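What follows is the structure, given as structure tokens:
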């Protein structure tokens, strides 16, 4: 039976661009050098929001605020299953990259879901397709889809 991970990701949008983190080398080639939302695993005893703020502090050394749920996706990779809970966030301080191969501000209109990790791709598609005024609404989790 595959391990099922609960993970969180920060959807940070500024001036029509979203923060994208490019992964480095990985023991899982299907996610190596793909873009993802900054975040990580939810640890035992943490809420999703607590996990997201912790991951942002660890990976970007940033103080942030969780604004609202954005989308939730369950994806089955060859080696594990992941449920990705994404939240709209805003940064309250400057940040620096401590973990990823690169960080980029990508224009929403030019987002290419194929450049992102497969679990993140449906969230990217929703970001691209959702008018800015609606981006803070949502989002329960339903396997394999976003709302």
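Residue numbers (the UniProt record's numbering): 1 to 147. Heads up, the beta-carbon is just placed ideally off N, CA and C, and yes, glycines get one too. Computed from a predicted structure; not experimentally measured.
Under the three-state reduction of DSSP, residue 125 is assigned to helix.
Under DSSP, residue 35 shares a beta bridge with 22 and 116. Apart from the 5 residues on each side of it in sequence, residue 128 sits with its Cβ closer than 8 Å to the Cβ of 108, 109, 111 and 113 in its chain, given in chain order.
In the three-state scheme derived from DSSP, where H, G and I count as helix and E and B as strand, residue 101 is classed as coil. Judged by pairs of C-beta atoms under 8 Å, the region 112 to 126 does not touch the region 42 to 53, as fewer than three such pairs exist.
Residue pairing by DSSP places residue 14 opposite 17 in a beta bridge. Contact between residue 66 and residue 89 holds: CB atoms are separated by about 6 Å, below the 8 Å threshold.
Between residue 8 and residue 85 the beta-carbon gap is near 5 Å, inside 8 Å, which marks them as a contact. The beta carbons of residue 21 and residue 30 sit no closer together than 8 Å. Excluding its 5 nearest sequence neighbours in each direction, residue 83 has C-beta neighbours in its own chain below 6 Å: 6 and 74, listed in chain order. In the structure shown, the three-state DSSP call for residue 44 is coil.
For residue 19, the CB contacts under 7 Å within the same chain, skipping 5 residues up- and downstream, are 12, 38, 103 and 105 in chain order.
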